[in-house]
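Notes to accompany the following structure.
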Amino acid sequence: MRRQDRRIESEDAVMEIMHRGRVIYLAMVDGDRPYVLPLSYGCAEGAIYLHSAGEGRKLEVLREAPRVCFAISLDHELIRGERPCDWDFRYHSVIGEGAAVFVTDDAEKRRGLDAIVRQHGGEGGEYPEASLRYTTVLRIDIDSLSGKQAGYE
60 MRRQDRRIES EDAVMEIMHR GRVIYLAMVD GDRPYVLPLS YGCAEGAIYL HSAGEGRKLE
120 VLREAPRVCF AISLDHELIR GERPCDWDFR YHSVIGEGAA VFVTDDAEKR RGLDAIVRQH
180 GGEGGEYPEA SLRYTTVLRI DIDSLSGKQA GYE
């Protein structure tokens with residue numbers, strides 16, 4: 060990170076940003092092309108959980124190349140100055156890298172889906188067996204994580 064003065068040093072503060080977020084931008088590599096998607100997600104057990112239909116480009120890409128990068132950004136506010144060069148931007152952000160794992164265990168699928176629901180203010184629930192069968196749950200095992208902020212102390 061170039062701007063070390065903006066680094067969030069506390070691991071707890073970085074995790075708090077991750078738990079407050081609602082959208083994660085997941086970057087993948089499709090052959091020789093970048094591919095990024097905004098997705099809903101949930102944090103649990105030191106990992107990120109995502110869900111998906113059973114097929115599609117995202118799943119094809121992750122089967123071939125499970126390494127990912129992700130970004131979460133919150134608390135955006137433009138601060139206007141007298142001149143455009145005096146403008147600034149407030150934010151909190153997290154960038155991380157990891158590997159996508161296809162979850163096959165039904166108990167972990169339920170935990171992952173519960174994490175996604177909780178991330179959005181709900182409570183876990185019951186998932187019909189048919190829904191579990193047709194829902195793909197992905198777990199991102201995080202290798203590296205960093206937080207950055209501007210305009211906040």
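Each residue of the sequence shown is one higher than the last, beginning at 60 in the working numbering.
The beta carbon of each residue, even a glycine, is placed where N, CA and C say it ideally should be.
Model, not experiment: these values are computed from the prediction.
Tell me which same chain residues have a C-beta within less than 6 Å of the C-beta of residue i, skipping the five on either side of it?
| i | result |
| --- | --- |
| L109 | L98, Y100 and L197 |
| Y84 | V95, P97 and A130 |
| A112 | none |
| H78 | C102 |
Exposed or buried, residue i, counting other C-beta atoms within 10 Å across all chains shown (16 or more means buried)?
| i | result |
| --- | --- |
| G157 | buried |
| V127 | buried |
| F129 | buried |
| L121 | buried |
| A159 | buried |
| A174 | buried |
| A106 | buried |
Report all residues from its chain with a CB closer than 7 Å to the CB of residue i; omit the five preceding and five following residues, and keep chain order.
| i | result |
| --- | --- |
| L172 | H110, Y186 and V196 |
| D203 | Note that residue 203 is Ser in the sequence shown here, rather than Asp. Closer than 7 Å at the Cβ level, and outside the excluded window around S203, lie G155 and E156. |
In the DSSP assignment, what residue or residues form a beta bridge with residue i?
| i | result |
| --- | --- |
| C144 | Beta-bridge pairing links C144 to no other residue. |
| Y108 | G101 and R198 |
| V120 | DSSP, once it has assigned bridges, lists no residue as partnering V120. |
| S190 | Per DSSP, none; premise fails for S190. |
| Y150 | A209 |
| G115 | Answer is none; G115 lacks a bridge partner. |
Apart from the five residues on each side of it in sequence, which residues of its chain come closer than 8 Å, Cβ to Cβ, to residue i?
| i | result |
| --- | --- |
| R81 | S99, Q178 and H179 |
| F148 | H135, E136, L137, I138, A209 and G210 |
| R169 | G183, Y186 and L191 |
| R116 | D89 and Y94 |
| V228 | No answer is possible for residue 228: it lies beyond the span of the chain, which begins at 60 and ends at 212. |
Does any CB atom of chain B fall closer than 7 Å to the CB of residue i?
| i | result |
| --- | --- |
| P125 | Looking for chain B here will not work: only one protein chain is present. |
(request) Could you pull out every unbroken alpha helix (DSSP H) segment of at least 4 residues lying fully inside the region 158-186, listed in chain order? (result) 165-178
(request) Count the C-beta pairs between the region 78-93 and the region 136-144 that are closer than 8 Å, then say yes if the count reaches three, no if not. (result) The region 78-93 vs the region 136-144: no contact.
(message) Threshold first: 3 residues or longer. Then list the beta strand (DSSP E) segments lying entirely within the region 69-100, N to C.
(response) DSSP runs (the beta strand (DSSP E)) wholly in the region 69-100: 83-89 and 92-98.
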